[in-house]
Amino acid sequence: MKLTVALLSLFLVASAVVNGEETEELPLAELCDPEICKLPNCRCSSTQIPGGLAPRDTPQFVMSTFDDNVNIINIETYREMLYDRKNSNGCPAGATFYISHEYTNYRAVNELYNNGFEIALHSITHRTPQTFWAEATKEDMRKEFADQRVQMAHFANIPLTAIQGIRMPFLQLAGNASFEVLKENDMLYDCSWPTRNFINPGIWPYTLHYASNQDCPIPPCPTASIPGPWILPMIGWIDQMGFHCSMADACFAPPSVNDENAWFEFITENFERHYKGNRAPFGIFFHEGYFRFNPAVRNAVTRFLNVVNNLPDAFMVNSRDVIEWVKSPVPVNEYKRQPCRQNVPTNCPFSSCGPLRATHTEEQFWMQICNVCPRVYPWYGNPLGV
Ligand SMILES: *[C@@H]1O[C@H](CO)[C@@H](O)[C@H](O)[C@H]1NC(C)=O
Ligand SMILES: [Zn+2]
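Under mature numbering (1 follows the signal peptide of the UniProt record, and there is no 0), read the sequence shown as residues -20 to -1, 1 to 366, first letter to last.
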């Protein structure tokens, strides 16, 4: 009898493989028990501070992030606003770039990497309509993100393992699919999932071993148990009419874009909700264009970052550093004494390539890269342009 059951289950497993892994049912995530789900590799979704620390002993992380392509125009802003900044502990300040491929200058990406910033993924195509992402399969997500990771490492000449995070275009989640792809590529985290219900107190990063209790403003959200990748929730800001904004440049009722002082106050108020609360990581999520067109906003953010860099218990870091801290939380006094993150610079042999024929448009492309020129413009399904 036992043997029959064993044989039968063997047969079932085998047939699932034959039918292809896409048809395999993932186990549904169950209720999270913090007694079972423990650091460093498992954490229930919760507003509790990791390690049971008191707020005053918790480092206030500040995550400054920028989305979309990196080019010779926006790199100027990044150079002026971010380079050579230091936190109060003497370590270089971080920021994260969620980069989409089209029009990206990979020499500029190499420069960002060599200046210690985090290079992360925002897809190869960033295509419309948004429903593509809502309905995306695991195979689509492999082609947009796993392939992009290889592409980024190749053209910017940076280590594959330096690339650990993704943000979905339009913050549109694809159910379980993107997280399965993170897991199968051993990637660390996703930073695409906004919340309205867990702003105050803020929700801390967690894993998907068990069911998330985070609200799902842009469905579908993952409901399967997917052990491995971390969720770095996007705790947005609250604007002047009380509306929630996931990205700081997409608020419904922000202060006037010409009023630097009002913007400085606006950022500070949002920051203080975290700093004087449970110190959940504070996000400054922008697109560079908003700064270029609104210099007063840019000045306000710069002033705010100067304030952060002088606070003894707040730190501007790369987003992946936040996850590393959550995995093994230490009190702020100990954190401050830790050695700074080390970055091994990589070179960028000069290549200016083009005109390159594209398969998705009639346009011809030029590419600035740190590798040999591709044959055609790299794209979905052909990330290296061979
Ligand atoms: C995610 O996986 C769970 C468990 O297999 C399943 O019930 C759910 O429908 C999946 N979500 C999507 C959007 O496919
Ligand atoms: Zn985008």
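Glycine included, every Cβ here is placed at the ideal spot set by N, Cα and C.
Worksheet entry | Sufficient close CB pairs (3 or more, under 8 Å) joining the region 295 to 311 to the region 87 to 94 | no
Discussion item. Is the separation between the beta-carbon of R259 and that of T38 shorter than 9 Å?
Written reply: Yes. Within cutoff.
Worksheet item: If you pair each beta-carbon of the region 195 to 204 with each one of the region 154 to 163, do three or more pairs fall below 8 Å?
Response: yes
Item to complete: Name the residue from C24, Y58, M296 whose alpha carbon lies nearest to the alpha carbon of D13.
Response: Residue C24 is the option with its Cα nearest to D13.
Worksheet item: Say the cut is 8 Å; is the CB of P207 nearer than that to a heavy atom of ligand 1?
Response: no
Discussion item. Let me confirm a value: V287 is counted as buried when at least 16 other C-beta atoms fall within 10 Å, else exposed. Which label applies?
Written reply: Counting Cβ neighbours within 10 Å, V287 comes out exposed, since fewer than 16 surround it.
Worksheet item: With distances taken from CA atoms, which of G361, R321, D166 is nearest L140?
Response: Measuring from the Cα of L140, the nearest candidate turns out to be D166.
Item to complete: Quick one: give me the first and last residue of the beta strand (DSSP E) that Q40 is part of.
Response: 40 to 47
Practice prompt. Starting from the C-beta of T84, find all residues in its chain whose C-beta is less than 6 Å away, skip the five residues before and the five after it, and write them out in chain order.
Written response: Closer than 6 Å at Cβ, skipping near neighbours: N49, V50.
Worksheet item: How long is the line joining the alpha carbons of Y255 and E10, rounded to whole angstroms?
Response: 32 Å
Discussion item. Can you tell me whether T76 is helix, strand or coil according to DSSP?
Written reply: Three-state DSSP puts T76 in a strand.
Worksheet item: In terms of residues, what are the limits of the beta strand (DSSP E) holding T187?
Response: 186 to 188
Worksheet item: Quick one: does the C-beta of S80 sit closer than 8 Å to a heavy atom of ligand 2?
Response: yes
Fill in: Burial state of D64 (16 or more Cβ within 10 Å)
exposed
Discussion item. Rounded to whole angstroms, what is the Cα-Cα separation between T66 and S44?
Written reply: Contrary to the premise, residue 66 reads as Lys rather than Thr in this sequence. Rounded to whole angstroms, the separation of the alpha carbons of S44 and K66 is 14 Å.
Worksheet item: What distance in whole Å lies between the Cβ atoms of F41 and V281, which are believed to be in contact at a cut-off of 8 Å?
Response: So it is not a contact: roughly 17 Å between Cβ atoms.
Item to complete: With hydrogens ignored, establish whether the beta-carbon of A191 is closer than 8 Å to any heavy atom of ligand 1.
Response: Incorrect: A191 has no Cβ contact closer than 8 Å to ligand 1.
Worksheet item: Is T339 helix, strand or coil by DSSP?
Response: For T339, the three-state secondary structure derived from DSSP is coil.
Discussion item. For a test of the three-state rule: what should DSSP assign to K118, helix, strand or coil?
Written reply: helix
Fill in: Nearest-angstrom Cβ-Cβ length linking R183 and I143, presumed shorter than 8 Å
Residue identity check: residue 183 is Ile in the sequence provided, not Arg. Rounded, the Cβ-Cβ distance is 25 Å, inconsistent with contact.
Worksheet item: DSSP three-state call for E98: helix, strand or coil?
Response: For E98, the secondary structure class from DSSP, reduced to helix, strand or coil, is strand.
Worksheet item: Would the beta-carbon of I53 fall within 9 Å of that of F77?
Response: no
Practice prompt. Going by CA-CA distance only, name the one from C171, Y186, N193 that's closest to N177.
Written response: N193
Worksheet entry | Nearest candidate by alpha-carbon position, reference L212, set L168, T111, P329 | L168
Practice prompt. Go ahead and pull the three-state DSSP assignment for D229.
Written response: helix
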